[in-house]
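Notes to accompany the following structure.
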Amino acid sequence: MEETPNLTYVKNLAGDDLAFEKKFISIIKDEFPVEMATYLDHIKYDEPRAAAEIVHKLKHKFNILSMEQAYSFAVTYEERLQLGDMKMDLDFRKLLDTITSYLKTI
Amino acid sequence: MNCIIIDDEAAARAVVSQLCTKVPELDVIEAFDNAIDAIKFLNQQTIDVIFLDIHMPGFSGFDFVQTLKNPPKIVLITSDTNFAIEAYEYEAIVDYLVKPIGLERFEKSIQKIKNSTIRPVATNNGEAHESKEDLYINIDRRLIKLKLNDIQLIEAKGDYIEVKTDTETYRVHNTLKKIKEKLPEKTFLQIHRSYIINFTKIIDIEDNSVLIEKNVVPISRSNRPELMRRLNLL
Numbered sequence: 001m002e003e004t005p006n007l008t009y010v011k012n013l014a015g016d017d018l019a020f021e022k023k024f025i026s027i028i029k030d031e032f033p034v035e036m037a038t039y040l041d042h043i044k045y046d047e048p049r050a051a052a053e054i055v056h057k058l059k060h061k062f063n064i065l066s067m068e069q070a071y072s073f074a075v076t077y078e079e080r081l082q083l084g085d086m087k088m089d090l091d092f093r094k095l096l097d098t099i100t101s102y103l104k105t106i
Numbered sequence: 107m108n109c110i111i112i113d114d115e116a117a118a119r120a121v122v123s124q125l126c127t128k129v130p131e132l133d134v135i136e137a138f139d140n141a142i143d144a145i146k147f148l149n150q151q152t153i154d155v156i157f158l159d160i161h162m163p164g165f166s167g168f169d170f171v172q173t174l175k176n177p178p179k180i181v182l183i184t185s186d187t188n189f190a191i192e193a194y195e196y197e198a199i200v201d202y203l204v205k206p207i208g209l210e211r212f213e214k215s216i217q218k219i220k221n222s223t224i225r226p227v228a229t230n231n232g233e234a235h236e237s238k239e240d241l242y243i244n245i246d247r248r249l250i251k252l253k254l255n256d257i258q259l260i261e262a263k264g265d266y267i268e269v270k271t272d273t274e275t276y277r278v279h280n281t282l283k284k285i286k287e288k289l290p291e292k293t294f295l296q297i298h299r300s301y302i303i304n305f306t307k308i309i310d311i312e313d314n315s316v317l318i319e320k321n322v323v324p325i326s327r328s329n330r331p332e333l334m335r336r337l338n339l340l
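Protein chains in written order, with this note's numbering: chain A, 1 to 106; chain V, 107 to 340.
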């Protein structure tokens with residue numbers, strides 16, 4: 001799954017309000033690592049349903065960063081986690097790593 | 107129009123807040139990361155519109171809507187379109203926005219708010235039994251008088267119910283449904299399929315349970331909103 005995060009949605013939302021854009025990026029930079037760490041903890045402790053809850057939140061970050069394929073993947077993964085199936089974890093982590101790298105560039 | 111935003115994600119709150127700035131008539135008064143704080147706020151202030159996330163930990167958007175006695179207009183915000191049908195069962199919910207929300211769709215939602223009218227939600231004040239102070243229970247062909255104020259809780263146990271008072275526990279061959287009809291709704295509240303509690307005897311509420319004297323009583327998900335609505339939260 002090759003998809004690059006971008007700020008198209010954020011820029012559309014901000015318009016010429018650069019202060020908002022800056023503030024919003026800061027919020028994502030703060031919120032994403034916390035949610036990611038929570039996700040990894042739930043996987044580590046074999047808590048798929050709790051992991052599903054946080055995947056639900058993380059998928060909104062995919063949305064915000066215009067990652068449509070990643071979002072669809074997360075929707076499916078969330079459903080599987082609700083059933084106790086964590087097999088998509090490795091691929092999901094790749095998406096998280098992609099965003100982590102991207103957030104360092106903005 | 108004064109509005110508040112309720113969403114447990116900071117990024118989501120920021121998105122809605124920014125969208126609101128594009129609509130001159132909207133004034134964001136407050137944004138909350140949980141429903142409980144919003145309920146406390148609404149006990150003090152009247153607002154016109156709530157932008158409400160459905161999927162929040164512990165207390166969902168629908169739980170929240172059910173706690174509101176006279177709800178303002180509500181716009182639900184979610185990523186899950188499966189909730190749409192349930193959403194429209196609530197009179198106060200005027201629209202349903204799916205994340206990520208674009209400005210054009212948001213503006214349509216505001217138009218829907220302006221065009222909508224909400225009928226007051228019918229409430230049951232439970233006046234029927236309020237003059238009664240006693241309850242007679244039948245045990246071994248004896249009618250025993252209980253003072254309603256002494257009853258702490260009633261628990262269903264198979265074909266029987268147990269009525270716990272301040273001094274004794276009585277086992278009665280009856281159903282929770284029947285005894286509920288005899289109790290004043292203002293004082294007694296069913297908080298679980300198997301439990302009715304005397305609202306005035308609550309000592310504390312923690313997560314999904316209520317402490318009544320020394321009894322820890324579970325709160326079911328479906329009964330929790332009504333319990334929260336009745337609390338005089340600070």
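We put the CB at the ideal spot given by N, CA and C, even for glycine.
- Contact check for Ile180(V) against Ala198(V) passes: the beta carbons are separated by less than 7 Å.
- DSSP places Ile160(V) outside both helix and strand once states are collapsed to three, so it counts as coil.
- The residue among Ala118(V), Ser123(V), Asn321(V) with its C-alpha nearest the C-alpha of Ile110(V) is Ser123(V).
- A Cβ of chain A is located within less than 7 Å of the beta carbon of Glu115(V).
- Residues are counted here when their Cβ sits less than 9 Å from a Cβ of chain A; for the segment 135-146 of chain V the count is zero.
- Leu7(A) and Ile25(A) have their C-alpha atoms some 9 Å from each other.
- Between Leu209(V) and Leu125(V) the beta-carbon gap is near 6 Å, inside 8 Å, which marks them as a contact.
- Closest in C-alpha terms to Ile27(A), from the list Ile302(V), Arg119(V), Ile112(V), Ser166(V), comes Arg119(V).
- About 11 Å separates the CB atoms of Ile245(V) and Leu252(V); that is not less than 8 Å, and the two are not in contact.
- Secondary structure of Arg248(V) (DSSP, three-state): strand.
- Using beta-carbon distances, His60(A) counts as an interface residue toward chain V, with a partner under 7 Å.
- Short of 8 Å from the beta carbon of Asp310(V), and not among the five residues preceding or following it, lie these beta carbons of its own chain, in chain order: Val316, Leu317.
- Asn321(V) carries a strand assignment under DSSP once its states are collapsed to helix, strand and coil.
- Taking the Cα of Lys11(A) as reference, the smallest distance to any Cα among Ser185(V), Ile308(V), Val121(V), Thr293(V) is reached at Val121(V).
- Classified as buried, Asp113(V) has 16 or more neighbouring CB atoms from the shown chains inside 10 Å of its CB.
- Judged by DSSP in its simplified three-state form, Gln258(V) adopts strand.
- DSSP places Gln296(V) in the uninterrupted beta strand (DSSP E) bounded by 294-298.
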